[in-house]
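Quick notes on the structure that follows.
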Amino acid sequence: MTDSLASIQILYEGWILHALVWLPILGLVHVMTSAGERAKNVAFWWSAAVFVLSLGLWWTFDAGSGGFTLESSTPWIESWGVSYALGLDGISVFMVLLTTLITPIAILGSFEYVKTRRRAFYALMLLLQTGVTGVFLATDIFLFYVFFELTLIPMYFIVGIWGGERRIYAAVKFFLYTAVGSLLMLVAILYIYFSSGTGSFSYEAFLAADLSMREQLWLFAAFALAFGIKVPIFPLHTWLPDAHVEAPTPGSVILASLLLKMGTYGFLRFLLPLFPGASQHPTVVAVMLALGVAGIIYAAWVAAVQPDAKKLVAYTSVAHMGFVMIGVFALTVNGLQGGLVVMISHGVSTGALFLLLGMMYERRHSRLIEDFGGIGRVAPMFATAFVITALASIGLPGTSGFIGEFLALIGTFETHAVTAIVAATGVIFAAYYMLPMVQRVLFNKLDKPENRSFADLSRREMVVLGPLVALMIWVGVYPTPFLERMEPSVQVVLERVEGARTAAHRGAPERMIVDAGAGEEAESRAATGTVDEEDQDR
Amino acid sequence: MGSVASVLTSGVPVQEAAHWEPVLPGLIILLPLLGFVINGVLALRAAGWSSAEVRAGREWDPFAGSERPSTHTLPTWIGPGVMLVAFVLAAWNFVGMFGAELHEPVIRSYWSWIATSTLQVDAAIQLDQLSMVMMLVVTGVGFLIHVFSVGYMKDDVGYPRYFAYLNLFVFFMLVLVMGAGYAMMFIGWEGVGLCSYLLIGYWFTDREKSDAGKKAFIVNRIGDFGFLLAMFMLFQAFGTLDFATIFAEAEGHFAVGGGTVTAITLLLMLGAAGKSAQVPLHVWLPDAMAGPTPVSALIHAATMVTAGVYMVVRSGVLYALAPTSQAVVAGVGVLTALIAATIALQQNDIKKVLAYSTVSQLGFMFLGAGVGAFTAAIFHLMTHAFFKALLFLGAGAVIHSMHHALHKVNSHEDAQDMRNMGGLKDRMRITWVVMWIATLAIAGIWPLAGFFSKDEIIWYTAAWAGAEANPFGGLYTLYWVVALVTAMLTAFYMTRLMVMTFHGETRLEHGARSHLHEAPRVMTVPLILLAVLSVFGGWVNVPPALSESALGFFGALPMTEWLHHWLEPITHDAAAIQVAALGEAAHDAPLLGGGELAWALVSTLAAAVVVAVAVRQLGPRRVPTAAEDATPPTGLRGVLYNKWYFDEIFDRTIVQPVLAASRWCWSFIDTVIIDGFVNSVGNFTRLAGWFGSLFQTGQANTYAFVLTLGVLLVLGAAVFL
Amino acid sequence: MLSHALLLSAVLFVIGTLGVIIRRNAIIIFLCIELQLNAVNLAFVALSRYTGIEGQLFVFFVMTVAAAEAAVGLAIIISIFRHYKTVDVDKFNLLKW
């Protein structure tokens, strides 16, 4: 019995990653060849099947020592050293599962919203899934870049074709903003490729590249710009509110839940391990933390005065991602794990918020908060789901948001107390932006006659929201299964950064430290545990 | 936890605390949660019917049919039922613990909540003497208030939703008091805040009420910010958030008066001030009266608002290590007590008076906790839970009756305004009697509960003021004087409330008077039980100085000093540290001298005089009704009437500036600077494109011609150069 | 011999190029493009005599592509004609923005 189980597992692990990446493409073909009316069902069932398949990862995934598992690599463009290489670790497994969960939910949530060119829409959604999954699974930098750019195209069309009034502006802004960043990243990738001299684009080869501090800082800047726009970090965030507001509901959901995660994932997967020296450079850390904190507070403030509910939620994304950034650049286990949990939590709760706003839009054709009021009286299920989601979003203990923010803040406090203190005011401001919206939408008088006919959740909508709400509470009450799976991989990232620190102080790669005396000085300071070492780039 | 250190220091071998097995402690927490789930499902069902009617343009009346729908009958049994079972379980455990002479907390861990390589937080509960007292208060008083609610909320459309929220509140409150660490406490801490938000805004279609709920939540979050930071610092220092470890190691970690421990305790105080409505974060509590009155009794008088006091007492060891923080806690407490009491003098809304009275009494508790009289603080918390719940429920009965009467004659007068009441004593006999009992209790009249608890706090303030090494001795003396004055004010404003409500001529219009009625039995029975507790509740902790005198019935009471001994394992360490730091407490009051007995006598006599004078003076006075009394008072009265303008000041100095800054960030930084830059990059590109397009004819032939020309040029260059 | 062939090829190519540049009728332009292609083909064939078989191979490629191009190009011209009722390229300046 156990033998057959084990053999099934081996079989499963052999093809699962490839299936997750390419099954949506098969689905895409199926969607394109089916009748327009049936396209949504076909797309939903394909993505649901992918989700069911991916669930196996939850049990079979073994964090082990934190490195990649289920690795496979096939040469793709041999002359350039590009291979089709996939792998899974404790960081990507949650992102992949989030992707496979959110996509069918977003598709199911779009049934009423998308009325035109359905085939094209659902084909693009599935293409997007392939792209996002590929980003999270690729262990070849070239392949990663291809997938990273691939996500841009379907999203561009989803916003541009099915979006709201200013969709063209939003789509072009989204595309150009992100393209600028990723082109710089491409340059940086090529630089590492040529300077490493291994002639390979594999992750390991990039890790092995020996870069001076000066090079690291420049490359870091290029990567950080690409991922920072994607995250988005303040002040690179202005594409987000526009894209969110104009995007159709499923587009917003995917954008918030998955595409933003590609940015923060990039920080965890590439920036910290590839440029360990630069990532702990005091100036870099200070800047990133400052931007993270600025995002938390600034976005919360701006969110609070938005008349448009969708824009409000878009800005809250910036605030949440600020927590991820400070958690990551705190360079502590708690901070990194907290950042990852915020990513999961934000994917679930903000995705749910966008779905709820989409439901509001479908019923009333308005996104303005002032057009609502008293909805709680006519749509109790809707109101309940809305309140729970809002509370998860502002991090009430017992919901997923709290676990993430708490860990991120406590991790930040360990190394950067002042940052954590300022960031913790975000807890207050979260209530300041979210509660007024909840009140003005759900509570107050039901004084607009058109809201009287506001329908409660349909069965389909309950199916859409149910898993998300359950997940918010699950992660809030029992996050241990998540934490224990991600911990080894987070440790690996951290050890690499730490390793570079000690190596730098021993003066091992001479290029890093010109002045041996300064190296000793830094080492003694590191020994006393101070984090504010001086610029090592002398 | 307390005993761990004490046992270690006294050299007695550590004994296993296994001789007492708690009976199903998890079930005590789980029962209200279960109640919430069942009532919640019923509530959603009822809300579904209601929304269908609203959509059809009608109002839903669940009571229109011949019998109540099951959604409105089941909660009657489920809501109070789970509370009763929880109370019985808690009492059972109490009896067990009582017999066991427990020295260490019993910790039950259920699952690992947050676990990283450095941070380990278990979903664990802690049973010790302190949490047991709190559990009994929460489930006991909570049960009575649930029963009262059955009568009070009987005709409300949202009946099941009300009980769902109430059960959920009790669940979180129990998590708060039973949690085995700061992180667990924080779950309850924010959870009760959530329930408070939901219950204040229970009638959510009313803009003002949901505003009040929102305000409560946001102000509470300011406090939670402090709590969070305190947790971070504690984690930094101890690597854990569990009470047991922290309190056992605190003395080794921190020197008395150290910066870190002072910062931690001050931040905890910020959290406590938010939750327990201490100046300047008290502004939410009076607004919170927008909720149903039993909610005010349960959440905003008896339990949730005392969570801050509980937390300070729980962290007693830390506070004992930080005398500055203690002085701050006591100072904030006494200041709050005074300010709230003065405001209460000029309020006309019966619930507002009680709200400010609550704030004031919480100030007393903080004074007690601040001067290190932890037992006294918990004692006052307990007695206050009895008599203030009674006062609120009594007020609820009055409002219920007034509302009914006014409704019958279609009057839109305010049912809560005392100026519209008067002379209710003849119509509501039971309510009148029990509320007088509670009034005398809160005024500190012997031998009612409030006398013993308040007197103990005031006395300890005086005693610690005289401690030799207390650097804040002078300050404590000031606190003591203010506390005495405030106690007199309390007697006055409570008497004013009673006189305006129950005595004199009724000011209700004639037609409505006959509709005034005593509350039904389901409401009066809890009132009577609470009245009994308000009378006898103070007898569990008669101080030794009083116990042998007439004030202590010449030692005839069986429970003299019981609470003090009961909480000994909790407070022992803190007390030892405090004595070591500040010296022994004095035996005479500062300034005038005199012992505890003398001052107890003085204060109760003074309070009695105030009550008597107030009745004589206010009784015959003719009170204008709300309609007649349209102009608000001016001068000092105006300041008090307007609550010292706290709301206005906060609005101008914090709320409006933040809002303005938010708008500015959006309209200027986001739109003008960032997007301005982004768009101008785009516009520049367009400009360049437009310039280039000047060379375009759009004719394919032209392009072909230019192309050919170019090719020829290149070829020519290659050939001839 | 070779020079004759190359000369012919050059003349044909120049005629084709001039046709593309000067003529306005899309069909004629199209035919001129074909003329250019064939001029190149002629050069290929002629040169393959001296350099090897690759030149002739390439001619097949060009012919294949030309056939495909003819199909697509004519289709475009037809749809343009349907839309504008003319094939005069001077009437189209969609390329100017």
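Protein chains in written order, with the working numbering: chain A, 1 to 538; chain B, 1001 to 1721; chain C, 2001 to 2097.
Cβ atoms here follow ideal geometry from the backbone N, Cα and C, with glycine treated the same way.
Three-way DSSP call (helix, strand, coil) for residue i in this model
i          : result
Tyr113(A)  : coil
Gln1656(B) : helix
Trp1111(B) : strand
Gly1179(B) : strand
Asp140(A)  : strand
Asp1242(B) : strand
Val1623(B) : coil
Val1106(B) : strand
Asn1410(B) : coil
Asn1724(B) : The requested residue 1724(B) does not occur in the structure, where chain B is confined to residues 1001 to 1721.
Leu368(A)  : strand
Whole-angstrom distance between residue j and residue i, CA atom to CA atom
i          : j          : result
Ala1491(B) : Leu1424(B) : 20 Å
Arg414(A)  : Ile1218(B) : For clarity, residue 414(A) is Glu in the given sequence; the question names Arg instead. Cα to Cα, the separation comes out at about 27 Å.
Phe1720(B) : Val2014(C) : 20 Å
Arg1068(B) : Ser1401(B) : 22 Å
Ala2005(C) : Asn2038(C) : 12 Å
Ala1607(B) : Ile1437(B) : 14 Å
Val132(A)  : Leu55(A)   : 17 Å
Cys1195(B) : Met1153(B) : 17 Å
Gln1361(B) : Pro241(A)  : 48 Å
Leu442(A)  : Ser110(A)  : 23 Å
Ile1200(B) : Arg440(A)  : 16 Å
Val50(A)   : Trp162(A)  : 25 Å
Glu487(A)  : Gly1537(B) : 52 Å
His1282(B) : Leu1367(B) : 16 Å
Assumed close pair residue i, residue j - CB separation to whole angstroms, cut-off 8 Å
i          : j          : result
Val1359(B) : Tyr1493(B) : Not really, about 12 Å apart at Cβ, beyond 8 Å.
Ile1029(B) : Val1175(B) : 6 Å
Glu1561(B) : Asn1541(B) : 6 Å
Leu1497(B) : Arg1427(B) : Leu1497(B) to Arg1427(B), Cβ: 17 Å. No contact.
Ala1183(B) : Met1231(B) : 7 Å
Leu1089(B) : Leu1168(B) : Not really, about 18 Å apart at Cβ, beyond 8 Å.
Gly66(A)   : Ser489(A)  : 4 Å
Lys310(A)  : Arg377(A)  : Not confirmed; about 23 Å, so no contact.
Phe223(A)  : Ala188(A)  : 6 Å
Leu1119(B) : Ile91(A)   : Not quite, the Cβ-Cβ distance comes to about 19 Å (not below 8 Å), so this is no contact.
Boundaries (first-last residue) of the beta strand (DSSP E) holding residue i
i          : result
Val82(A)   : Val82 to Leu88
Leu1127(B) : Gln1120 to Leu1127
Pro75(A)   : Thr69 to Ile77
Unbroken alpha helix (DSSP H) run spanning residue i, endpoints
i          : result
Leu1551(B) : Here Leu1551(B) belongs to no alpha helix (DSSP H), and DSSP marks it neither H nor E.
Pro1294(B) : Thr1293 to Ala1297
His1510(B) : His1510 to Arg1513
Glu1053(B) : Pro1025 to Arg1055
Met325(A)  : Ala309 to Phe329
Asp1061(B) : It is not in any alpha helix (DSSP H) - Asp1061(B) carries neither H nor E in the DSSP assignment.
Gly1635(B) : Gly1635 to Tyr1641
Trp58(A)   : Ala39 to Thr60
Chain-ordered neighbours of residue i on chain D, where CB pairs are closer than 7 Å
i          : result
Ser1662(B) : Protein chains A, B and C are contained in the structure displayed, whereas chain D is not.
Which runs of the alpha helix (DSSP H) spanning at least 4 residues fall entirely within the region 171-229 of chain A, listed in chain order? 203-208
Taking only runs that begin and end inside the region 1324-1401 of chain B, name each unbroken alpha helix (DSSP H) of 4 or more residues, in chain order. 1350-1370
Within the region 1273-1320 of chain B, note down every full alpha helix (DSSP H) run reaching 4 residues or more, in order along the chain. 1284-1287, 1293-1297, 1307-1314 and 1316-1320
Could you tell me which uninterrupted alpha helix (DSSP H) segments, each at least 4 residues in length, are contained entirely in the region 223-274 of chain A, listed from first to last along the chain? 239-246, 249-254 and 260-266
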